[in-house]
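J.: Protein chains in written order, with this note's numbering: chain R, 124 to 613; chain Z, 24 to 195; chain E, 222 to 341; chain D, 52 to 677.
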Amino acid sequence: MMPQQILKPELAWQGMVPLLMLAGLFVFHFLIEILRAPKSRTTGGFWTLLVSLLGVVYLTACPDQPVGAVVHKMWIYDGVTRLGSLLVFLSLAAVTLIIPKSVEESGHLGEYYALLSGAALGMVMLMGSNNLLVTFLALELFSLALYLLCIFLPDRSTSQESGLKYFILSSLASAVILYGMALIYGATGSTWLHEIGARASQGGLLMIVGSTLLAAGLAFKVSAVPFHVWTPDVYQGAPTPVTAFMSVATKTAALVALLRFFPMTLGMAGDTHDGVRTMWAIIIWSLAMLSMLFGNLMALSQTNLKRLLAYSGIAQAGYLLGAIFMGTPIAKVSLFYYLLVYLCMNVGAFVVVAALEEVDESLDVHALAGLSMRQPYLAAALAVFLFSLTGLPPTAGFVAKYQLFSALMASGPNPLPKYLVAAALVGSLMSAGYYLRFVVQAYGLGPAPEPHKQIPPTYLAVIATAVVAVFALSFWAGPVLEWMQRLLGT
Amino acid sequence: MIFAAKCVMALLAVVSAFGVALSRQAVHSALFLTCNLLCVAVLYLLMSLHFLGAAQLLVYAGAIMVVFLFAVTVLAPEDELLGKWNDPQRLAGVAVGAVLGAFLLLANSTAPLLDLSSPDFGSLKQFASELFGKYVFPFEGTAFVLLVALVGVVLLGHRRLRDLDRGGPSRD
Amino acid sequence: MTEGMITLGLSAVLFAIGSVGVAIRRNPLIMFMCIELMLNSANLALATFSRYYSRVPETLPDSIELASSTDLGSATDGAVFVFLVMTIAAAEAVVGLAIIIAIFRTHKQVDADELAELKG
Amino acid sequence: MDTIWLVLALPLLGSLLCATHYRTLGKAATGMVASLAILGAFVASVQTAYQVQLRHEFTAHLSSWLHIPGISGLDFAALADPLSATMLCTVTGVAFLIHCFSMGYMADEEDYGRFFASLNLFVATMVLLVMANNLALMLVGWGGVGYASYSLIGFYRQKPSAVSAARKAFLINVVGDVALMFAIFIIATHCSTLEFKAFLQPDKLDLLGGDLILAGLCLMVGAYAKSAQLPLHTWLPDAMEGPTPVSALIHAATMVTAGVYLMVRCAPLFRFVHGQELLPMADDLNVIMMRFGAATALLAALCAIAQNDLKRILAYSTMSQLGYMFMAAGAGAYGAAIFHLVTHAFFKALLFLTAGVVIHALHGEQDIRKMGGLGKKMVGVQLAFLIGSLALAGIPPLAGFFSKESILLGVFGDGKSVEHELLWAVGILTALLTSYYTGRAYVLTFWAPAQHEGKLHYPSSSMTWPLAVLALATVAAGFGGHDLIQSIQGQAPPEESFGGLQLTALAVGVVGLGVAYSTHRSGRQRLVPEGADPYLRGCEAIDGLTKSLAASFRGFADKVAIKLDPVVSQVCPDLVRRSMLSTSTLLCQLQSGSLRLYSFTVLTSSTLLVLVVYFLSRFISGGGGQ
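Here's what the structure looks like:
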């Protein structure tokens, strides 16, 4: 065998721009904010916001066609990566604007921004990854950053507990994923997804077990039932902006990773009755089913708003897994549209939670009574977000659910997706119960208005943007869907 | 000869792994882990993966274990009461582990393994040309993982000094 | 039994022992050690596959076009994978121990069963 | 964006302003805002009509609306063609005059803001209904009109009769909405488009096959509910509980014509020509439409004779005239139907507004037997009512004559079929009755000896000038008929010389008026004996029938409900709720917070997944191998 030459990487900078932006931001924070520790604490936030908005602009407005594979096909920049990165940048921008007092007083704002941008870097890297090694690396990169963000508040024992639980369980999932990857490498002899996809059907039992372990690990990151156990505790204990970021960006990244594995690695064997592919589909289907039913069921008895949102996130993950299961072009479009809408409503809801914490409101359902009199704007925004999460008509949540369900219904004779729709409808019915309970409480009678406590203006800005987006995405659903369709090249 | 050595090392590795999982004292676990990692390093060397063996010795058995032992000595955790052997949760855990292991063994036994490697397999030269050629992207990415770890240590370590000034953090 | 099967079988056994440890221990520090054991066992499997590299015979249906004409997968993949995973595991160990130390400092003694302020 | 969207946007904006800023604006400004919004809409409509003249028809596309896989044409798009332009101009024009009238009429009301907000909202929804370029968007307007009329009929919230009338109108409208929705489902599933221009093509209609008749019937039921045709007419007379301008706007000029508009819009579906000849089933639909139209026209006219309430007389006459329009639509004389729709909008609005002035003057008295002697005291009003009455009775040269004449000619057709001749005869009979009851109302109100005392409440100028404009329009509108029919129908109406048919109609009108004058001049209150009343009130009998049907159904439902309801509505949901909640609590108790349990769960789940997949793969490969 000839000794191999050192290959020069064929770099396509255009596709790397989102990665480079975040990497630059991370290094900037590391060098300037942490090592130099300047007096002014606002510059870090400013630069993070600027870069994330620039990224949003680049990803939406950049007219170029998808660039394709980068650096020995390690990383792929296509419509999927682009839309996923857009969602991560958007949530990064939103989270940058909401800095709770407790984080600000910790005196580690530089680290906070650095870890946020590091996590975003990992997520973007994961979504474009075309190699098992890069996938693992990216998973670890954002997981490490998120452990540290969860444990960020030193004075709150809940924050510490949240960080420890996330760390132990997520490392466990990483180990499971790594073993799955090892088996897949052993079965196919390659770590590149497209090569694995081409050889998957010859992989035999090794490939089946390996991909199952991989699916289990990714299901953990998506927080699908029964790998959801960490979600409520970690979400509740972590600082609220971090929870918002995790609930949307992590889910997006892990779902996109699943999307890449699903058709590329394991679905390329054509329409032959291929064992691996069927297995994978059955796994995703059952995860989706369980998440929809159990997520909604467990949310029913929740009394804490933040915890409720965690459980409802599990149920929403179920709906999204349904789209992954379908894997048709329409389903992909509806997946990304749902994710975009989910970003608006879920981040919105969590910002409302953060704002409630800032004005020392309790998050308990009974203590929410009369919120509409104490904080009329927050109550109204909360109502809008919860309505949208329920999927009630004038909001984008309805359109998103409608798109998703119609994509699932367009499955021809296959009955499996239709069971998913039935479960999702039952789940939505249940979800109406627990979401509306909070709205009704907020608009019910309660303690007389106390003197107004000021909500930071950035919070209000994020909430207002999210409310507008929830309605705008419903009224202009058509153009947005068309745009996504064009990007995904379907 | 190599076969026999591998068998011995594997046996040693299994024993030390049980030691990690079942020792009452954390420090014993840490020492067993070191032993296990050393066994694995030797196995790498026996498989003529010389560089990996060296890296395992340096990175794992060397650096990481020092950190573990340091943590154990600093924290000095009390001995864990392992409880009775028929604690249901413990039995369930062992059962699940056994089933998982059995299935992994079953899957692994179907693996196609061929000893076709070239004479220079595992050489540093080939390894390096791959690492800095094809794998330059994840190689750079690893740098960011390390940076994040660094930030984390700065965050948690820096806080400790501040906390000591304030007389320790409150519980809530 | 080929020589490779020894290490491959060992990696499965080590993974199982590690998972048993995670499932039954209550000290987070030891839980984490068991997770390191699992990562190490995965590394061992990767190294074995790399050493006893075998390419799946390429009997592809005609309908499938490979995305690239040049093959990317090779025996060295596994070795590089192992090396980078070691590095990542080191980073994870550092962060994990920092987290565990931070918690031990406030709680003095940490029991995975009793650290349950968040539940329900 | 085309100006046509202004026709929709301005009333919507006006409605929002009136609803939210009534307190800051004050009464006068609120009325002005509302009227100006409609005036703007009218100007935009005229502009649109002009554009249609220039560019022929066009579609103004705003944005896409719903994405339903496999069904196209669900957009926010407006269709501008002669039909919709005519409708828009009529609706907004009449609505503007009525808004101005209302400013005077409603001046004493408390809820001025709510009134104008609802009125503007009504115009907006009606405009949406007219300009929609697909059935789905039309349904939005269709339902919106129903809601707006509900809020306007029930405007006097404190009056129980008004509330129940509003509820009745709403219910019957909902029947129509549901029917229209069914029609939409049928058409969407077969033709996979809802755009008028697309699904009304012969090749698309071919796809409907046997369901054509079903779709047509559903459309007709929808139209009948909205246009108060037999047997869904019962809400219209009751709707007179609303304020008089509302009656003028909704129940004369605009909303009730929506059904006619729908029929004309979907004309190809009823005229469905396959090859060259009319399909038998499309023909069936047309026959049904003509017969029901004739029956409605005749029965409503009979009923009007027996009425004493001025507004109810007008309401029944509206029903009767709508019957004419449906007759015309059934006979294929769409141009005539729309022509009569326009002229009827003018003269019926005129009549209603004049009636409103009279009622206003007499402090709310609506019974014509207690009126009389107003002719000398209110000369202008009397003149306006006279013009309206003559138009309704079909006396040339007023607009009503021409439009009614074109309908009768259209129904008579070539006069070769007995059916058509019979229907024509019914039309003539109805015309006779019409001129009689119109004359009766006019004579009893203005020329019979006065039956009331006290001071009259004279109208303000803002109430009188709209009357003048409408009277002028009534006089003039008849002369545009030829062009209108041509642009709607796409071909010139058949040239008819002034012959026997026209003479008969004219004679009938004069005779009816003459009889009315000679009988009621002296103050005699009735011509027909009271014993005949039950027979004349056949229309109202249907109301009674539906009421008793509803009552018996309710009785049955009550009985069932007493037994079943506690089970269905309390025990079962409670059981479900409780079991779900307890399951939920149980599941959440598993979430015990113990890290060890969590890691155990994750591992167990992974193992289970591996197990399941292993056995399934054995199963599948075993099954696949055989």
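Ideal Cβ placement from N, Cα and C applies to all residues, glycine included. Just so we're clear, the structure is a prediction, and the values are computed from it rather than from any experiment.
1) Using DSSP with H/G/I as helix, E/B as strand and the rest coil, what is N419 of chain R?
2) Measure from the C-beta of L123 of chain Z to each C-beta in chain D and report whether the shortest distance is under 8 Å.
3) Please name the residue or residues paired with I364 of chain D in a DSSP beta bridge.
4) Can you tell me whether DSSP reads N254 of chain R as helix, strand or coil?
5) If you check the beta carbons only, do L270 of chain D and A234 of chain D fall under 8 Å apart?
6) Show which residues of chain Z have a CB atom less than 7 Å away from the CB atom of G242 of chain E.
7) Under 8 Å, Cβ to Cβ, is there at least one residue of chain E near T281 of chain R?
8) Indicate whether at least one CB of chain D lies closer than 8 Å to the CB of Q149 of chain Z.
9) Please list, in chain order, the residues of the region 107-118 of chain Z that have any C-beta partner in chain D closer than 8 Å.
10) Within the 8 Å Cβ cut-off, does A342 of chain E reach chain D?
11) By how many angstroms is the C-alpha of H152 of chain R removed from the C-alpha of L238 of chain R?
12) Verify the CB distance criterion: does F91 of chain Z have a CB-CB separation below 8 Å to chain E?
13) Let me make sure I understand the geometry here. Which of D:H107, D:Q640, D:G65, D:L268 has the alpha-carbon closest to that of L231 of chain D?
14) Threshold first: 3 residues or longer. Then list the beta strand (DSSP E) segments lying entirely within the region 416-486 of chain R, N to C.
15) At the 8 Å Cβ level, is A305 of chain R part of the contact set with chain E, yes or no?
16) Of all the residues that make up the region 648-664 of chain D, which are near chain Z by a beta-carbon distance shorter than 8 Å?
17) Nearest-angstrom Cα distance between L382 of chain R and G450 of chain R?
18) In its own chain, which residues sit with a C-beta less than 7 Å from the C-beta of A288 of chain E, not counting the 5 before and 5 after it?
19) Taking 8 Å as the threshold (C-beta atoms), are V585 of chain R and A88 of chain R in contact?
20) Under a Cβ-count criterion, where at least 16 other Cβ atoms within 10 Å of its own Cβ denotes burial, should N537 of chain R be classed as buried or exposed?
21) Since Y509 of chain D is in the beta strand (DSSP E), which residue starts that stretch and which ends it?
22) Does DSSP put W198 of chain R in a helix, a strand or coil?
23) Against chain D, does A616 of chain R count as a neighbour if the rule is that its beta carbon must be under 8 Å from one of theirs?
24) Against chain D, does L235 of chain E count as a neighbour if the rule is that its beta carbon must be under 8 Å from one of theirs?
25) Given M376 of chain D, which residues of its chain have a CB within under 7 Å of its CB, disregarding the five upstream and five downstream residues?
26) Please determine, among D:G144, D:L61, D:Y493, D:T655, the residue with the shortest C-alpha to C-alpha distance to F350 of chain R.
27) Could you say which of R:V563, R:P540, R:R279 lies nearest to A492 of chain R if we only look at CA atoms?
28) Taking the C-alpha atoms as reference points, what is the distance between V593 of chain R and M369 of chain R?
29) Short of 6 Å in beta carbon distance, which residues of its chain neighbour V65 of chain Z, apart from the five on each side in sequence? Order them along the chain.
30) Taking Y493 of chain D as the reference, which of D:S454, D:M83, D:M422 has the closest Cα?
31) Need the endpoints of the alpha helix (DSSP H) that S710 of chain D sits in, please.
32) Return the first residue and the last residue of the alpha helix (DSSP H) that M226 of chain E is part of.
33) Can the beta-carbon of I407 of chain R be found less than 8 Å from the beta-carbon of E481 of chain R?
34) Would you check if the distance between the CB atom of A411 of chain R and the CB atom of G436 of chain R is smaller than 8 Å?
35) I'd like to know if the region 323-341 of chain R and the region 167-185 of chain R are in contact, where contact means that at least 3 CB-CB pairs between them fall below 8 Å.
36) Buried or exposed: where does Q35 of chain D fall if 16 or more other Cβ atoms within 10 Å of its Cβ makes it buried?
T.: Working from what's here:
1) Indexing the first sequence from 1 puts residue 419 of chain R at position 296. Of the three classes helix, strand and coil, the one that applies to N419 of chain R here is helix, per DSSP.
2) Taking the second sequence and counting its residues from 1, one reaches residue 123 of chain Z at position 100. Yes, L123 of chain Z lies at the interface with chain D (some Cβ there is under 8 Å from its Cβ).
3) The sequence position of residue 364 of chain D within the fourth sequence is 313, counting from 1. DSSP output for I364 of chain D lists no bridge partner at all.
4) Counting from 1 along the first sequence, the entry for residue 254 of chain R is found at position 131. Strand.
5) Here residue 270 of chain D refers to the residue found at position 219 of the fourth sequence. Here residue 234 of chain D refers to the residue found at position 183 of the fourth sequence. Yes, the pair counts as a contact, with Cβ atoms nearer than the cut-off.
6) Here residue 242 of chain E corresponds to residue number 21 of the third sequence, with the count starting at 1. By Cβ distance, chain Z contributes V43, A44.
7) Taking the first residue of the first sequence as 1, we reach residue 281 of chain R at position 158. Yes, contact with chain E.
8) Translated into positions along the second sequence, residue 149 of chain Z becomes position 126. Not one chain D Cβ lies under 8 Å of Q149 of chain Z.
9) Q112, A115, G116
10) In this structure chain E extends from 222 to 341, so residue 342 of chain E is not present and cannot be described.
11) As a first step, residue 238 of chain R must be located in the first sequence, where it is residue number 115. As a first step, residue 152 of chain R must be located in the first sequence, where it is residue number 29. Between L238 of chain R and H152 of chain R, the C-alpha separation is close to 9 Å.
12) For this step, residue 91 of chain Z is matched to residue 68 along the second sequence. Judged by the 8 Å Cβ criterion, F91 of chain Z is in contact with chain E.
13) The residue you call residue 231 of chain D lines up with position 180 of the fourth sequence. It is D:L268.
14) none
15) Here the question's residue 305 of chain R lines up with position 182 in the first sequence. True, the Cβ-Cβ gap to chain E drops below 8 Å.
16) L648, F651, L654, T655, S657, T658, V661, L662
17) Looking up residue 382 of chain R in the first sequence gives position 259. Looking up residue 450 of chain R in the first sequence gives position 327. Rounded to the nearest angstrom, the two C-alpha atoms are 8 Å apart.
18) Working through the third sequence from its first residue, we reach residue 288 of chain E at position 67. Annotation note: pLDDT 42 at A288 of chain E (below 50); position unreliable, coordinate value reported separately. Nothing listed; no residue qualifies.
19) Summary: the structure shown does not reach residue 88 of chain R, with chain R confined to residues 124 through 613, and so no result is reported for it.
20) Looking up residue 537 of chain R in the first sequence gives position 414. By the neighbour-count rule (16 or more Cβ atoms within 10 Å), N537 of chain R is not buried but exposed.
21) In the fourth sequence, counting from the first residue as 1, residue 509 of chain D sits at position 458. Taken as a continuous stretch (DSSP letters only), Y509 of chain D belongs to no beta strand (DSSP E), as it is neither H nor E.
22) Your numbering for residue 198 of chain R matches position 75 in the first sequence. W198 of chain R: strand per DSSP, three-state reduction.
23) With chain R covering only 124 through 613, there is no way to say anything about residue 616 of chain R.
24) What you label residue 235 of chain E is simply residue 14 of the third sequence in a count that begins at 1. No, its Cβ sits nowhere closer than 8 Å to a Cβ of chain D.
25) Position 325 of the fourth sequence holds residue 376 of chain D. So the list reads V311, A388, H391, L392, once near-sequence residues are dropped.
26) Translated into the one-based positions of the first sequence, residue 350 of chain R becomes position 227. Ranking the options by Cα distance to F350 of chain R, first place goes to D:T655.
27) Within the first sequence, numbered from 1, the residue matching residue 492 of chain R stands at position 369. Looking at the Cα atoms, R:V563 is the closest of the given residues.
28) If you number the first sequence from 1, residue 593 of chain R lands on position 470. If you number the first sequence from 1, residue 369 of chain R lands on position 246. Roughly 20 Å between the two C-alpha positions.
29) Looking up residue 65 of chain Z in the second sequence gives position 42. M32, listed in sequence order.
30) Looking up residue 493 of chain D in the fourth sequence gives position 442. Residue D:M422 is the option with its Cα nearest to Y493 of chain D.
31) Past the edges of chain D, shown from 52 to 677, lies residue 710 of chain D, and the structure says nothing about it.
32) For the purposes of this step, residue 226 of chain E is identified with residue 5 of the third sequence, where counting begins at 1. First-last of the alpha helix (DSSP H) with M226 of chain E: 224-245.
33) On the first sequence, residue 407 of chain R is found 284 positions in, with the first residue counted as 1. On the first sequence, residue 481 of chain R is found 358 positions in, with the first residue counted as 1. Their beta carbons are not under 8 Å apart, which means I407 of chain R does not touch E481 of chain R by this criterion.
34) For the purposes of this step, residue 411 of chain R is identified with residue 288 of the first sequence, where counting begins at 1. For the purposes of this step, residue 436 of chain R is identified with residue 313 of the first sequence, where counting begins at 1. Not a contact, by the Cβ cut-off of 8 Å.
35) no
36) Here chain D covers residues 52 to 677 and nothing more, so residue 35 of chain D does not appear.
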